[in-house]
Amino acid sequence: MLLDLVRMFLFPALMAFAAASDVLTMTISNRVSILLIAGFFVLALVSGMSAPAIGLHLAAGIAVLVISFTCFAFGWIGGGDAKVASSAALWFGFGHLLDYLVFASLIGGVLTLAILQFRSLPMPAWLARQSWLMRLHNKDGGIPYGVALAAGALLVYPDTEWMKAVDVVHLAMH
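Sequential numbering of the sequence shown, starting at 1, is according to the numbering used here.
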């Protein structure tokens, strides 16, 4: 039962935290990525994932790390975004990676357009006291892409092997 609860809540909670942190502070702590990576390996081992399967998940994470850090080097995304995207790719492996990247990209595009529109409007005085909103409203500020990464991940996660392994009947009886 505890394993099922971890499968259900660890990844989604960490991704939601990454999104909230990015919106409020424009940073995603390294701890989030470290917990995602550690959580994957612990859960993979406890769940009995085979070594070759773990290797493929690791390869997916490394592939996204290489691509995302290239994007970071060009200034297109933040370092926290690169680390969180790579950590999420580790959880998805190649089986769900394309879905994740497509959802995150589409949501990221909509998010970017929405924030650009928000920045074109005057900030109401009663909202100007919120430092995180002022940061989002700043025309020279970045886009909290962690929101798109988290949203894409949360859309894909229910279809993964992690969630398919949850014994919902057993959980409902307790």
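Ideal placement from N, C-alpha and C gives every residue a C-beta, glycine not left out.
Straight-line Cα distance separating residue j from residue i
i    : j    : result
V66  : V23  : 25 Å
V84  : L149 : 8 Å
S86  : R129 : 35 Å
L56  : A89  : 11 Å
G141 : I54  : 38 Å
S47  : L10  : 14 Å
L127 : L106 : 28 Å
L45  : L98  : 24 Å
Counted within 10 angstroms of its Cβ, other Cβ atoms place residue i as buried (16 or more) or exposed
i    : result
V246 : What the structure shows of the chain is the stretch from 1 to 174, and residue 246 is not part of that stretch, so it cannot be assessed.
F74  : exposed
C-beta atoms of residue i and residue j nearer than 7 Å
i    : j    : result
F92  : Y100 : yes
D81  : G146 : yes
R7   : V166 : yes
L58  : L36  : no
R119 : H96  : no
R135 : M1   : no
Same chain, Cβ closer than 8 Å to residue i, five either side skipped, listed in chain order
i   : result
A18 : I28, V32, G80, V84, G146, L149, A150
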